[in-house]
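Here's the structure, in structure tokens; my notes come after.
2 protein chains.
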Amino acid sequence: MTKIILDAMGGDNAPEEIVKGAVAALQAEKELKVVLTGDEGKISAVLAGLTYDKARLEVVNCSEVITNDDVPTAAIRQKKDSSLVVALKMLKEDDDAKGFVSAGSTGAVLTGALLRVGRIRGISRPAVCPALPTAQEGKVYIIDAGANAECKPVNLCHFAIMGTAYARAFGVKEPRVGLVTNGTEDHKGDPLHQEAHELLKTLPGIRFVGNVEGRDIMSGDIDVAVCDGFSGNIALKTTEGTAAAVMKIIKKYISSSFMAKLGYALFMRPTFKKIKKVMDYNKYGGAVLLGIDKVVVKSHGSSKADSICASLLQAKEAADNNIIGSIKEMLAGVDLEAIGASES
Amino acid sequence: MTKIILDAMGGDNAPEEIVKGAVAALQAEKELKVVLTGDEGKISAVLAGLTYDKARLEVVNCSEVITNDDVPTAAIRQKKDSSLVVALKMLKEDDDAKGFVSAGSTGAVLTGALLRVGRIRGISRPAVCPALPTAQEGKVYIIDAGANAECKPVNLCHFAIMGTAYARAFGVKEPRVGLVTNGTEDHKGDPLHQEAHELLKTLPGIRFVGNVEGRDIMSGDIDVAVCDGFSGNIALKTTEGTAAAVMKIIKKYISSSFMAKLGYALFMRPTFKKIKKVMDYNKYGGAVLLGIDKVVVKSHGSSKADSICASLLQAKEAADNNIIGSIKEMLAGVDLEAIGASES
């Protein structure tokens, strides 16, 4: 049995969709236990209409909520009885609690995880690591997708290590790691990426395939895309914007042609729905926060039940595959100082 | 009549597709004159099979070619009789020559334009500015999409000015300028973008709409996306990779469903061809190099005749709309030093 804590009050559709997502996950996975933190009255009202295994769902009442309007650091310090802070305290203190999911404010989840759970020893900068579909069958993990606007070369080495461990935990045997820069040649990029490139070349345990460009991220030719958090965030959100624009342009063209419109209505609507689902990475699972000493999954703020369900299953799988242990093991196996990667 | 010089030997499909593109452009636009630089024998062999207005096409013979394997700076200095260097010399010296198009090496075109034509006074860093389709009707101009891996805040101000002038030249009345960062809040980004944000807020003549994210680039809500050349290059190539991945995923899903396959074959094939054309920004026109004292358009290395034709028409339109004069005028109207943006 794997116990995952869920912030019932985080996100645009809390608590209703969050609670429904928990119930869906319990149905999908018999070895999952969920602890909901939040307003017990509101949570119970949603639960009242649902059928679920009561032995595997626990509610911990909290009186406060951290919103997007709160300043993260202050909110984590002051709102001690918020669903987020209570959840993170439990995550830290309860050895049985293996992971945490929230659709709340990214800043608050990141800050809270840092302050209340703490980093993995040796990792100075935890990073956000979402998965995207690729043009081939698999997925690609982007790390860092936005936790750190400013990075040092050593941080990018940590991202490569954590991304590799995470991709392995999800079944990729020897993850191919690319460094996202403005060209594939070895010398491309600014000094940060030039230095990171040299370090990654010599980093043991990493299958570094060299510099890659934005166009390679979703090609299926790499499994882990290492980025500084600034350009990684731009890359991630550009994939989102482009996919949305492409779908809109397709719809516009389809509706401008009578034949295409007919073909769409008669034959293609279900296929397009499936495609939309695949493209919309937000809706199907969350972005894991790597470098924290427990599994933390940030689900999109607009998450509905199916997304929360996916995030819970993802957190369980990461915990079951001992992702934290794997990162620690990989870190123990490399002497970053020896290859010239240091914090200073 | 507008005279545009075309490097007949640059690109993967030179000279055949380049020459055919020139002929297509002459047919499409009666007020265009094209000067081809390159191997006269090879060019004439292609021209022999084509019908065109001989009075509007001139060939200047050159004995050398600069390839992707050449080191740009050395090649520009040494290969004095190359199609690129001869073209740029003519562009600089001939007042009637209003623009230049090449599908050759980006590095060589950029270096050559800097060394042989020179910058607009006041612009320290010329920038690459391609156009992308948006989810709405229009286009968005990304500047800088890769000429400068490292930038200063003042460079980003210049990009905003040049992008605004360019969008205006192509019919956008009051171009909305966004600064691409890792979040929409004013304080987002690294120090470079934070400082650039403050400068752009006060820059006269610019309709600055604030920070935007990667997802906003193609939304149609902005006309000019200002980027440092590093993350701009990643954003541009990510749109390319994502569009390609989306189309592949769509094809995969269509072919996995009998009904969808039938619908595609019967009704939708022409629509999808049209969509592919719109999405493939490479194939339809090139990226203008702004900040050089004449119009320079870099067509994609894999350009075929239709793309060369589009690039020629684009160069003509930019020249006819006096883009260089507009940039100079805008620069004269702002005192960048006064708002704290300086080169030092």
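As they're listed, the protein sequences go chains A and B. In short: position in the first sequence from 1, add 284, done, that's this note's numbering. In short: position in the second sequence from 1, add 284, done, that's this note's numbering. Even glycine gets a Cβ: it sits at the ideal position worked out from N, Cα and C. Keep in mind the model is a prediction, meaning the values are calculated, not measured.
Where residue i sits in the DSSP three-state scheme
i	result
Y425(B)	strand
C413(B)	strand
S328(B)	helix
R629(A)	This structure does not reach residue 629(A), given that chain A is present from 285 up to 628, and the question cannot be answered.
T486(A)	helix
R403(B)	strand
S389(B)	coil
T629(A)	The first residue shown for chain A is 285 and the last is 628, placing residue 629(A) beyond what the model contains.
S366(A)	strand
G294(B)	coil
L316(A)	strand
G333(A)	coil
V438(B)	helix
K545(A)	helix
K582(A)	strand
Run of the alpha helix (DSSP H) containing residue i, from where it starts to where it stops
i	result
D507(B)	Per DSSP, D507(B) belongs to no alpha helix (DSSP H) and is neither H nor E.
L596(A)	589-604
T523(B)	513-540
R553(A)	553-563
V303(A)	300-312
A616(B)	607-617
Start-to-end residues for the beta strand (DSSP E) that takes in residue i
i	result
D291(B)	286-291
P459(B)	Careful: P459(B) lies outside any beta strand (DSSP E) and carries neither H nor E.
G624(B)	From DSSP, G624(B) is part of no beta strand (DSSP E); its letter is neither H nor E.
A381(B)	381-386
L573(A)	571-574
V349(A)	Neither: V349(A) is in no beta strand (DSSP E) and is coded neither H nor E.
K578(A)	Looking at the DSSP string, K578(A) is not in any beta strand (DSSP E), and its letter there is neither H nor E.
G494(A)	491-496
Same chain only: Cβ atoms within 7 Å of residue i, ignoring 5 sequence neighbours per side
i	result
A589(A)	E301, K304, G305, A308
D365(A)	C346, S347, E348
Q478(B)	H471
P414(B)	I426, A429, L520, Y565, A571
R452(A)	P459, S610
V369(B)	I360, K363, G396, R400
Cβ neighbours of residue i in the same chain (closer than 6 Å, five flanking residues each side left out)
i	result
I445(A)	M614
G406(A)	L615
V580(B)	F384, A397, L573
P356(A)	G391, A392, T395
L440(B)	A480, V510
K578(B)	L375, V401
S595(A)	V385, G569, G570, V581, S583
S587(A)	G295, A387
Near the ligand FAD: residue i beta-carbon under 7 Å from a heavy atom
i	result
T468(A)	Because no ligand of any kind appears in the structure shown, any question about the ligand FAD cannot be addressed here.
Chain D contact residues for residue i, given Cβ-Cβ distances below 8 Å
i	result
A358(A)	In summary, chain D is missing from the structure at hand, where the protein chains are A and B.
Own chain, CB closer than 8 Å to residue i, minus 5 neighbours either side, in chain order
i	result
G617(B)	P488, G489
S503(B)	T418, A419, Q420
V438(A)	S408, L483, L620, A625, S626, E627
R491(A)	T448, E458, P459, R460, V461
For the structure I just gave you, are there three or more beta carbon pairs, one from the stretch 610-627 of chain B and one from the stretch 313-331 of chain B, closer than 8 Å? The count of Cβ pairs closer than 8 Å, one atom from the stretch 610-627 of chain B and one from the stretch 313-331 of chain B, stays below three, leaving the stretches out of contact.
Per the contact definition of three or more C-beta pairs closer than 8 Å, is the stretch 318-327 of chain B in contact with the stretch 287-297 of chain B? Cβ pair count under 8 Å is three or more, so yes.
When the Cβ atoms of the stretch 375-386 of chain A are set against those of the stretch 446-463 of chain A, are three or more pairs found closer than 8 Å? Not touching, per the Cβ criterion.
Positions along the stretch 432-450 of chain B whose CB lies within less than 7 Å of some CB in chain A: Cβ contacts with chain A: A433, E434.
Scan the stretch 524-547 of chain A for residues whose Cβ lies nearer than 7 Å to a Cβ of chain B and list them as they occur along the chain. So the close ones are E524, G525, T526, A527, A528, A529, V530, K532, I533, I534, Y537, I538, S541, M543, A544, L546, G547.
If the cut-off is 9 Å on Cβ atoms, which residues from the stretch 362-389 of chain A count as contacting chain B, listed in chain order? Taking 9 Å as the Cβ-Cβ cut-off against chain B, none of the residues of the stretch 362-389 of chain A qualify.
Looking at chain B, which residues of the stretch 473-504 of chain A have a Cβ within less than 7 Å of any of its Cβ atoms? Answer set for the stretch 473-504 of chain A: G473, D474, E497, G498, R499, D500, I501, M502, S503.
Pull out every residue of the stretch 405-436 of chain B whose Cβ sits closer than 7 Å to any Cβ of chain A, in chain order. Of all residues in the stretch 405-436 of chain B, P417, T418, A419, G430, A433, E434 have a Cβ within less than 7 Å of some Cβ in chain A.
Measuring CB atoms only, is the stretch 410-424 of chain B touching the stretch 367-383 of chain B, in the sense that at least three cross pairs come out at less than 8 Å? Note that the stretch 410-424 of chain B does not touch the stretch 367-383 of chain B; fewer than 3 beta-carbon pairs, one per stretch, sit closer than 8 Å.
The stretch 551-584 of chain A: which residues have C-beta closer than 7 Å to a C-beta of chain B, in chain order? For the stretch 551-584 of chain A, the beta-carbon criterion of a distance under 7 Å to any beta-carbon of chain B is satisfied by F551, M552, T555, K558, I559, V562, M563.
Could you tell me whether the stretch 524-543 of chain B touches the stretch 494-503 of chain A, using the rule of 3 or more Cβ pairs below 8 Å? Segment contact: the stretch 524-543 of chain B against the stretch 494-503 of chain A, three or more CB-CB distances shorter than 8 Å; contact assigned.
The stretch 544-553 of chain B contacting the stretch 532-551 of chain A, beta-carbon criterion three pairs below 8 Å: These segments touch.
Residues of the stretch 338-354 of chain A with Cβ closer than 7 Å to any Cβ of chain B, in chain order: Against chain B - using a Cβ distance shorter than 7 Å - the stretch 338-354 of chain A contributes no residues.
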